[in-house]
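If you read the sequence shown in UniProt numbering, its first letter stands for residue 1, the second for the next number, and so on. We put the CB at the ideal spot given by N, CA and C, even for glycine. Here the structure comes first, spelled out in structure tokens, and everything after it is commentary.
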Amino acid sequence: MPFYSWYPGPIKRYCVRRTLDDRPEWANYATFPAVNWFTPGQLIKALRRRGFDQIYSRADLAAARGLGGWKGSVLAVLKAAPILYWPIRSCSQSTFLVAKKQA
Numbered sequence: 001m002p003f004y005s006w007y008p009g010p011i012k013r014y015c016v017r018r019t020l021d022d023r024p025e026w027a028n029y030a031t032f033p034a035v036n037w038f039t040p041g042q043l044i045k046a047l048r049r050r051g052f053d054q055i056y057s058r059a060d061l062a063a064a065r066g067l068g069g070w071k072g073s074v075l076a077v078l079k080a081a082p083i084l085y086w087p088i089r090s091c092s093q094s095t096f097l098v099a100k101k102q103a
């Protein structure tokens, strides 16, 4: 469901109830659909509270690969103005983060 992690709580609960009752296709017919969702910002805060001090997004990891061309230009803009990354996160079907604790 696009933008699901951004839905208000009552709408999320309604969607979960419908998925479990009569709309399994909303969760791709999962036997146990995920019912705990986070926005990317909430997930980052939760990781930091648990001691992860290095958190990398898709853009961070792609930039580390040293992409060139138009992809490298887009990544440079995202790094300069992270607010522009919000639409990409919102439209993505998943959040991908890599988190690391100091040894």
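Item to complete: Note down the Cα distance separating TYR99 from ASP53, rounded to an integer number of angstroms.
Response: Per the sequence shown, the amino acid found at residue 99 is Ala instead of Tyr. Computed Cα separation, rounded: 7 angstroms.
Practice prompt. Measure the CB-CB distance between TYR29 and CYS15 and report whether it falls below 9 angstroms.
Written response: no
Fill in: Local conformation of ALA63 per DSSP, three classes
Helix.
Practice prompt. Could you have a look at LYS101 and say whether DSSP puts it in helix, strand or coil?
Written response: coil
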